[in-house]
Every structure is written in C-alpha cells, then in structure tokens.
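**Q**
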Amino acid sequence: MLVPLWNRVTLRYVALAAILLFVLHASFSLTHEHNPLPRLKTAFSNLKGGDPSSDIFNRTLGFEKVFAIGLPARTDKRDITALASSLSEFDITWLPGVLFRDMDAKAIPDGWDMDPAIQGSEKEAFIGSWRAHMDALVHIVENNIQTALILEDDADWDITIKQQFSHFATGAKALQELRSNRTAPSDSAYGRDWDVLWLGHRKVGPDNARQPVYVLTNDTTVPPVDVRHGYWRQSHVPTEAGADNTRLIVRTRFSSGTFAYAVNLRSALKIVAALQVNTQPYDIALSQMCHENYIKPFDCYAPYPPLMATHRAAGSASRDSDIHTVAAATAQMHEESTWDVVYSVMQNVKTLLAGDRWVKSQWPKQTAPGRWADDILQVQGRVEWMDFENMQEKHIKNINGEEKKPAAGSSCETE
Numbered sequence: 243m244l245v246p247l248w249n250r251v252t253l254r255y256v257a258l259a260a261i262l263l264f265v266l267h268a269s270f271s272l273t274h275e276h277n278p279l280p281r282l283k284t285a286f287s288n289l290k291g292g293d294p295s296s297d298i299f300n301r302t303l304g305f306e307k308v309f310a311i312g313l314p315a316r317t318d319k320r321d322i323t324a325l326a327s328s329l330s331e332f333d334i335t336w337l338p339g340v341l342f343r344d345m346d347a348k349a350i351p352d353g354w355d356m357d358p359a360i361q362g363s364e365k366e367a368f369i370g371s372w373r374a375h376m377d378a379l380v381h382i383v384e385n386n387i388q389t390a391l392i393l394e395d396d397a398d399w400d401i402t403i404k405q406q407f408s409h410f411a412t413g414a415k416a417l418q419e420l421r422s423n424r425t426a427p428s429d430s431a432y433g434r435d436w437d438v439l440w441l442g443h444r445k446v447g448p449d450n451a452r453q454p455v456y457v458l459t460n461d462t463t464v465p466p467v468d469v470r471h472g473y474w475r476q477s478h479v480p481t482e483a484g485a486d487n488t489r490l491i492v493r494t495r496f497s498s499g500t501f502a503y504a505v506n507l508r509s510a511l512k513i514v515a516a517l518q519v520n521t522q523p524y525d526i527a528l529s530q531m532c533h534e535n536y537i538k539p540f541d542c543y544a545p546y547p548p549l550m551a552t553h554r555a556a557g558s559a560s561r562d563s564d565i566h567t568v569a570a571a572t573a574q575m576h577e578e579s580t581w582d583v584v585y586s587v588m589q590n591v592k593t594l595l596a597g598d599r600w601v602k603s604q605w606p607k608q609t610a611p612g613r614w615a616d617d618i619l620q621v622q623g624r625v626e627w628m629d630f631e632n633m634q635e636k637h638i639k640n641i642n643g644e645e646k647k648p649a650a651g652s653s654c655e656t657e
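Residue numbering for the sequence shown follows my numbering, beginning at 243 and increasing consecutively.
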C-alpha cells in the first residue's frame, strides 16, 4: 500500500523531531553528569555601563590587581583561597611571604619598638610580615600598578562580596567628595582621594573631630554585635556602631590587622618611603600613617564591621597563625570559623561546588539561617555628621566579652 505524499512528509518531520529531542536530552544529561560545577554567577556579573562602579563586578573587584601574600609552604591556605576566589569570580596573584631567617641582617631596621613580651620567634615573624608587605608595595611601584587590593593568605569574605564592595565604594566616594569639595565624578570605582581602603581589620575608628560618616542600614551581611571580633576603636561610640544590620564607613585614623587593604600607586610610594626604616609591626605602622604621623595628607577609609576577616580551618589551633604560634602539643582543637563574616565563602565551598545556591550563615540563630547566592542586598545608605567628642563614652564588647579602653590622652587604645 502506498503512503500518501503528505503523510510521508509528516512522518519524516516527526522522525527528525524525535532524533533532535534525543540528542538534546543526551547532551543535557552528559553536561549535567560531567559538568556539575558551573561557575558561581552573581546577579551583577553582567553589569555594564559607563559608571566606574561597575568595575567592582569584574575579575579584580574594581582594582587593577588583587594580590595575596602567603608563605609558599602554607599550601593549605592557598588551596582554600584559590577555591573561594574562583567561586567568587575574581582573580588573585600570589606574592611570597617572607621568613625572618631568609632576611639579611643588614636589611632589618634597628630598634624594633614593640611589647617587651613579644620576643623570639613571634618578633621574628612580625619582622618577616613587615618585609612581605613591603615587598608587595615595592612590586606595585616597580610595575606601575595604579590600584591593588592586598590580602593576607587567611582572608575570607562574604558570598555577596561584590555587592558589599559596591556599597562601600558609594560611601567612600561620598566621604571623599565632602572632604575635597569636589562633585565631578571620579573615573575610579572607589574615588580619587584615598590612600588606603582598610577593608579587613581587627580594629578601626575615627578621631574625635566632627565629621561625616556614611551609614549603611538593612545590611543583612553585618555580623550581630555579640559575635563580633573586630573592635570599634574609639571611646565615643555612635548608636549605629552597636546596631545589628548596620555598617559604618569612616575616615579611619586608628586601625590594626591587615587581613585586606587596598592601596594606589601614590600611596604605595608614600608607604615604602615612610616604612623602609620601620620599627613597628606593619599594621601598627600603617595605622600611624593613617593618623598622618609620617606623611601628609594620607587618607584612609574603612568599614565597621570589616568586609574581610581571618579564616580558621577546622583542626588544631597550631595551624591558625604564622605569627602567633601555638605549640602543637598544647594547641586546642576547634571548628571552622571566620571572624565577622556572616555568609562565608570558605565555609560554603563544598555547598557551592555541589551546585547548591543556598549559602549558610555562621550564626543561624542570630541571623537569617541562609541566603540565596544571587539575591540582591536591599541596603540603604546615607551620610550623617557625627560629633564624636561630645558623645557619651562607652565600649562595645566583642565575642569574648572583652573591652578595650583608650589610653590616657588618646581617643584610641594603644597596641
């Protein structure tokens, strides 16, 4: 029996459609089976436009380079940092840390000024750390790098890091414009009138002068007050500094801890010139620069609480720090943790690699238990003028219930 022509044509199209569906299904199955780890895409990954702030969503977070300093032997720290930065879609260039024993004695400044209790291997580690940061700055100068973010090898960050940096940039630029009386837009993502952006720290605070502060509210990535490790380093505490879901951006004059900070070529030149004969731990010397004790002007801006902080892998405390050493025989075991970061990328690496977009909080009882990686932060920002000198003195306790009070005649505590 002959099949009519139109039926033959119809059957041919049906057969082709069936083959096409089979191929598509097979392709999807293979892709799903062999490529289960798509790169983490944020809601801002494809942000375009002429606004320099859009550069924050690129592969270097709006800087020309992102560097990480680490001892080559600490491959464990490099491993987790490589995973976290890849999942966060930014690129890191590694620079080697420095061991004291590898330094020429003639290159070490005389008369290091630090707590007499800090001696031996700990003092040597501070000197090696100073040299490693100096080497990073010299690298920036020698290679004419215009802006760079410098991380220490244990730095961790939130899954929303690019959004956080964008909100920080808005605030930092607003403060710069008020200080410089300039309203023309800057061609830099973070503004033009800064020397250091102190993004990851242990302590931060402004001086006593009446000054503008940028206040970010409804920020669900701010750690609850009672679990914070970082200090507000000022004896006068605005209400906003002790509020949940609130982050301040200030022109900092007193800081410590260099988990993460940004410099530009101009400020790198200033720091190298001032600290080549440094006799203090690097972070304290850099804080002195922010206090303009070396070279003026020198403007530093920072968020409180910080946007990056130290990560500690689960296991022995002897592995945590390469400066503050703990004997393995007496070291306590602890769980994985990151200071002051709610939705830690490093703590959620396995979840993200499994393709799960639900990122868990470190403190699920005090914050939302988790968030979708692509959700947009609904943060509001405003400038407030604050007269710190006339504020009531009080202190914010950290996670250990400790308080740091300022030394006599100073608006901040001494190290």
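Think of the CB as a built atom: it goes at the ideal place given N, C-alpha and C, for glycine as much as any other residue. Keep in mind it's a predicted model, so treat the numbers as computed, not measured.
#1: Could you please give the first and the last residue of the uninterrupted beta strand (DSSP E) stretch that includes PHE496?
#2: For the beta strand (DSSP E) that GLU366 lies in, which residues bound it at each end?
#3: Which residues share a DSSP beta bridge with GLN453?
#4: Under a Cβ-count criterion, where at least 16 other Cβ atoms within 10 Å of its own Cβ denotes burial, should ALA696 be classed as buried or exposed?
#5: Hey, could you find the ends of the alpha helix (DSSP H) PHE410 is sitting in?
#6: Which one or two residues does DSSP pair with TYR503 in a beta bridge?
#7: Taking only three categories from DSSP, how would you classify PRO338?
#8: If you draw a straight line from the C-alpha of SER497 to the C-alpha of ARG444, how long is it?
#9: For the 8 Å Cβ check, are there 3 or more pairs between the segment 451-468 and the segment 620-632?
#10: Can you tell me which of ALA349, SER422, ARG470, ILE322 puts its alpha carbon nearest to the alpha carbon of LEU549?
#11: Does the segment 407-422 come close enough to the segment 293-301 to have 3 or more Cβ pairs within less than 8 Å?
#12: Less than 9 Å separating the beta-carbons of LEU341 and ALA310?
#13: Is the distance from the Cβ of ASN520 to the Cβ of ALA390 below 9 Å?
#14: State the DSSP-derived secondary structure class of GLU635, mapped to helix, strand or coil.
#15: Indicate the three-state DSSP secondary structure (helix, strand or coil) for GLN476 in the structure shown.
#16: Once the 5 residues before and after TRP581 are set aside, which same chain residues still bring their CB inside 6 Å of it?
#17: Taking Cβ positions only, does VAL505 come closer than 9 Å to chain C?
#18: Within the same chain, show all residues whose beta-carbon is closer than 6 Å to that of ARG475, passing over the 5 residues directly before and after it, in chain order.
#19: So what does DSSP say about MET575, is it helix, strand or coil?
#20: Mind checking ASP395: buried by the 16 CB within 10 Å criterion, or exposed?
#21: Is the distance from the Cβ of GLN622 to the Cβ of THR459 below 9 Å?
#22: Taking only runs that begin and end inside the segment 515-544, name each unbroken alpha helix (DSSP H) of 4 or more residues, in chain order.
#23: Along the alpha helix (DSSP H) that carries ASP398, what are the first and last residues, could you check?
#24: So the alpha helix (DSSP H) ALA324 belongs to, where does it begin and stop?
#25: At the level of alpha carbons, what is the spacing between MET345 and SER363?
#26: Taking all protein chains shown into account, do 16 or more other C-beta atoms lie within 10 angstroms of the C-beta of PRO314, making it buried, or fewer, making it exposed?
#27: Check GLN589 in the structure and name its three-state DSSP category.
#28: Looking at the secondary structure, which residues open and close the beta strand (DSSP E) in which LYS307 lies?
#29: Report the option in LEU619, VAL584, LEU325, LEU417 whose CA atom is closest to the CA atom of GLN217.
#30: Taking the alpha-carbon positions, what's the LYS592 to ALA544 distance?
#31: Give the DSSP-derived three-state secondary structure of PRO510 in the structure shown.
#32: Pull the bridge partners of THR462 from the DSSP assignment, please.
#33: Output the distance between the C-alpha atoms of LEU303 and LYS404, rounded to the nearest integer angstrom.
#34: Between THR402, ALA378, THR335, which has its C-alpha nearest ILE710's C-alpha?
#35: Out of LEU439, THR500, PHE540, state which residue places its alpha-carbon closest to the alpha-carbon of LYS512.
#36: Mapping DSSP to helix, strand and coil, what is ARG613?
**A** From the atom records:
#1: 496-498
#2: Where GLU366 is concerned, there is no enclosing beta strand (DSSP E), although the alpha helix (DSSP H) it sits in stretches over 362-384.
#3: Partner(s): MET628.
#4: Since the first residue of the chain shown is 243 and the last is 657, residue 696 is not available in this structure.
#5: PHE410: member of the alpha helix (DSSP H) spanning 403-422, first to last residue.
#6: ILE392
#7: strand
#8: Distance between the alpha carbons of SER497 and ARG444 is about 7 Å.
#9: yes
#10: ARG470
#11: yes
#12: no
#13: no
#14: Strand, per DSSP.
#15: coil
#16: HIS471, ALA551, THR552
#17: Here chain C cannot be found, since the structure has a single protein chain.
#18: Within its own chain, the residues whose Cβ lies closer than 6 Å to the Cβ of ARG475, once the five positions on either side in sequence are excluded, are LYS445, VAL446, GLY447, PHE496, CYS654, listed in chain order.
#19: strand
#20: buried
#21: yes
#22: 524-532
#23: Note, ASP398: premise wrong, no alpha helix (DSSP H); beta strand (DSSP E) at 397-399.
#24: 317-329 is the span of the alpha helix (DSSP H), which, as asked, contains ALA324.
#25: 14 Å
#26: exposed
#27: Correct three-state label for GLN589: helix.
#28: 307-312
#29: In the structure as shown, the chain begins at 243 and stops at 657. Residue 217 is therefore absent and cannot be evaluated.
#30: Rounded to the nearest angstrom, the two C-alpha atoms are 31 Å apart.
#31: Looking at the sequence itself, residue 510 is Ala, so the reference to Pro does not match. ALA510: helix per DSSP, three-state reduction.
#32: Paired residues: none, contrary to the question.
#33: 7 Å
#34: Residue 710 cannot be examined here, being either before or after the span of the chain that is shown, 243 to 657.
#35: PHE540
#36: strand
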